[in-house]
Amino acid sequence: MKLRYKLALYNLLTKLLFVAVFILLMPYFLERVNTLQTDNELINKREQVMDIIAAFGVEGLIADSANDAFGSYNILKQEYISLEKAETESLWNFIEIAQRMVDEEVIDYRVLNYSFMVNGETYLLEIGTSLDNIYKTERNIRTITLILLGLFVIISFIADTTLSRVLTQPLEFITRKLKETKSPSLYNRQPVKTSTTDFAYLDQVLLELMQKIDELFTKEKEITANISHELLTPVSVVQSRLENLINDGGLSEPHAEKVSESLRTLHRLKGIINSLLLIARVENRQFIKNEQFSLEELLREVIEEIEPIASDKGLQIQALFKCDHNMTRANRSLLFTLFFNIINNAVKFSGNEAKGPVEVHCFSENDQFKVRISDQGPGMTEEQGAEVFQRFKKRKSPDGHGLGLAIVKSIADFHEISIQLTSRPGIGTTFLLLFPN
3 MKLRYKLALY NLLTKLLFVA VFILLMPYFL ERVNTLQTDN ELINKREQVM DIIAAFGVEG
63 LIADSANDAF GSYNILKQEY ISLEKAETES LWNFIEIAQR MVDEEVIDYR VLNYSFMVNG
123 ETYLLEIGTS LDNIYKTERN IRTITLILLG LFVIISFIAD TTLSRVLTQP LEFITRKLKE
183 TKSPSLYNRQ PVKTSTTDFA YLDQVLLELM QKIDELFTKE KEITANISHE LLTPVSVVQS
243 RLENLINDGG LSEPHAEKVS ESLRTLHRLK GIINSLLLIA RVENRQFIKN EQFSLEELLR
303 EVIEEIEPIA SDKGLQIQAL FKCDHNMTRA NRSLLFTLFF NIINNAVKFS GNEAKGPVEV
363 HCFSENDQFK VRISDQGPGM TEEQGAEVFQ RFKKRKSPDG HGLGLAIVKS IADFHEISIQ
423 LTSRPGIGTT FLLLFPN
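Our numbering puts the first residue of the sequence shown at 3, with every later residue one more than the last.
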């Protein structure tokens with residue numbers, strides 16, 4: 003999962019946890035706050051009633067009542083006020099939940115009870131608010147709060163996702179540069195545009211690291227090329243002298259056989275040196291890519307050259323060309339070597355164990371030209387496949403030196419060709435070459 007998605011998900015989970023805790027605690031706090039607010043309203047109404055009594059007297063309120071009492075309910079029975087004489091000498095001042103009969107209907111109220119004395123008489127004042135009205139207010143507040151919380155979570159998640167994407171754009175730019183880098187020398191040295199010092203520092207460190215790796219690779223290539231070049235001359239001289247000894251005919255048969263063995267060893271050593279020189283020259287980009295040619299024609303030439311070897315092993319090479327691809331800005335001789343090594347390897351390692359022919363298939367798929375070379379030989383394990391392009395990694399061939407596919411990889415990288423290898427023991431091996439658009 004990408005970093006920006008992790009950040010957005012973390013923020014979302016944090017907010018959801020906060021919302022969950024808030025929802026769990028909301029009924030308790032909402033009830034407390036609503037009750038406190040209702041009690042304050044009842045107290046304020048009590049003070050208003052007491053101000054009226056102080057101004058006009060209590061007799062004016064209960065004069066028209068036959069039982070020395072006054073009562074009033076609003077039309078919806080949500081509130082009521084009651085004033086009557088009380089036969090108690092104790093003074094009351096408390097709030098309770100009580101039931102009252104209104105028009106033969108029992109209704110629950112939150113009631114403020116307040117007693118006071120006027121002219122030696124004790125009066126009881128009751129002011130009530132319907133609990134249904136209180137609960138309705140709580141439900142409305144709860145609904146509005148939940149809607150606002152939902153909108154808050156959605157809007158904040160969108161904002162967090164957008165912000166995370168903006169903040170991590172420099173990191174994605176750095177990652178994209180690394181993915182597109184096939185060689186340290188081709189690393190994109192364009193600095194990342196960011197105000198985040200951590201990303202700028204990371205980009206600078208990676209640039210310096212790529213430069214150091216490129217310098218090390220360059221030195222290694224130079225050393226390989228120099229050593230190979232310096233070895234080639236004395237090896238050629240020794241080979242020439244040994245050939246002259248055999249041609250002179252003055253050697254006994256045992257000595258001539260030993261000299262011939264030495265010549266074979268020198269020939270193999272010379273092949274290794276030439277292969278290393280070729281790899282070094284390709285990696286140092288000493289070849290020119292300015293040729294235009296038909297890839298189908300090139301593949302036919304390679305197959306024609308390898309067919310005699312395949313026939314000796316009882317193998318067939320089947321070519322299936324569904325489209326012709328014209329190469330531009332390429333090196334024909336290098337690509338000839340690339341295909342020759344792959345097809346020759348397929349023939350060489352198939353041998354008598356092959357269950358079918360070696361297939362060479364070129365085609366176009368998703369606007370990209372591809373070449374697939376497959377055999378039905380012994381195949382390779384996953385570990386062997388991971389090492390197949392490394393130098394001096396040989397399979398079961400005594401006459402090879404483990405540089406053929408290393409040369410293939412160098413030439414492919416030089417032409418920006420991607421190689422995909424799939425192999426299964428007992429089934430065969432397939433090389434898929436993807437050419438750049």
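Backbone N, C-alpha and C fix where the C-beta goes; we use that ideal spot for every residue, glycine too.
Asked	Found
Residue nearest to L114 in terms of C-alpha spacing, selected from E49, I275, V362	E49
Range of the contiguous alpha helix (DSSP H) that encloses T37	5 to 58
Buried or exposed (CB count within 10 angstroms, at least 16 for buried), N328	exposed
Nearest-angstrom Cβ-Cβ length linking L317 and P359, presumed shorter than 8 Å	6 Å
Residue range of the unbroken alpha helix (DSSP H) whose run includes K411	406 to 416
CA-to-CA distance, E298 to R266, given in whole angstroms	36 Å
Cβ neighbours of A88 in the same chain (closer than 7 Å, five flanking residues each side left out)	S117, T124, Y125, L126
Range covered by the beta strand (DSSP E) that runs through G387	Premise fails: G387 lies in the alpha helix (DSSP H), 384 to 389, not in any beta strand (DSSP E).
Cβ-based neighbour list, F342, same chain, cut-off 6 Å, excluding 5 preceding and 5 following	V304
Runs of alpha helix (DSSP H) lying entirely within the segment 130 to 185, each at least 4 residues, in chain order	133 to 182
Nearest-angstrom Cβ-Cβ length linking Y111 and S84, presumed shorter than 8 Å	With 8 Å as the limit, Y111 and S84 do not qualify as a contact, their Cβ atoms being about 10 Å apart.
E217 classed as buried or exposed, judged by whether at least 16 other C-beta atoms fall within 10 angstroms	exposed
Contact with chain C by E361, beta-carbon distance below 9 Å	Reference to chain C is not applicable here, since this structure consists of a single protein chain.
Integer-rounded CB distance, given that R6 should sit under 8 Å from T177	Going by Cβ atoms, the distance from T177 to R6 rounds to 12 Å, so no, they are not a contact pair.
Three CB pairs or more closer than 8 Å across the segment 363 to 382 and the segment 428 to 436	yes
Within 9 Å, strictly: CB atoms of E86 and I129	no
CA nearest to the CA of G59, picked from V21, M103, N121	N121
Three CB pairs or more closer than 8 Å across the segment 206 to 226 and the segment 181 to 196	yes
Start and end residues, beta strand (DSSP E) containing R283	Taken as a continuous stretch (DSSP letters only), R283 belongs to no beta strand (DSSP E), being part of the alpha helix (DSSP H) at 255 to 285.
First and last residue of the uninterrupted alpha helix (DSSP H) at V194	Counting along the chain, V194 falls outside any alpha helix (DSSP H), and DSSP gives it neither H nor E.
Backbone secondary structure at N346 - three-state DSSP	helix
Under the three-state DSSP convention, the category D110 falls into	strand
Local conformation of Q392 per DSSP, three classes	coil
Exposure label - E61; buried when at least 16 CB within 10 Å	exposed
Spatial neighbours of F338 in its chain, beta-carbon cut-off 8 Å, leaving aside the 5 residues before and after	L300, E303, V304
Residue burial classification, L19 (beta-carbon count within 10 angstroms, cutoff 16)	exposed
Reference E367, options T383, I281, L434, closest by Cα	L434
Buried or exposed (CB count within 10 angstroms, at least 16 for buried), V349	buried
Host beta strand (DSSP E) of S420 (start-end)	420 to 426
Anticipated Cβ contact below 8 Å, S277 with L405, distance rounded	4 Å
Residue burial classification, P310 (beta-carbon count within 10 angstroms, cutoff 16)	exposed
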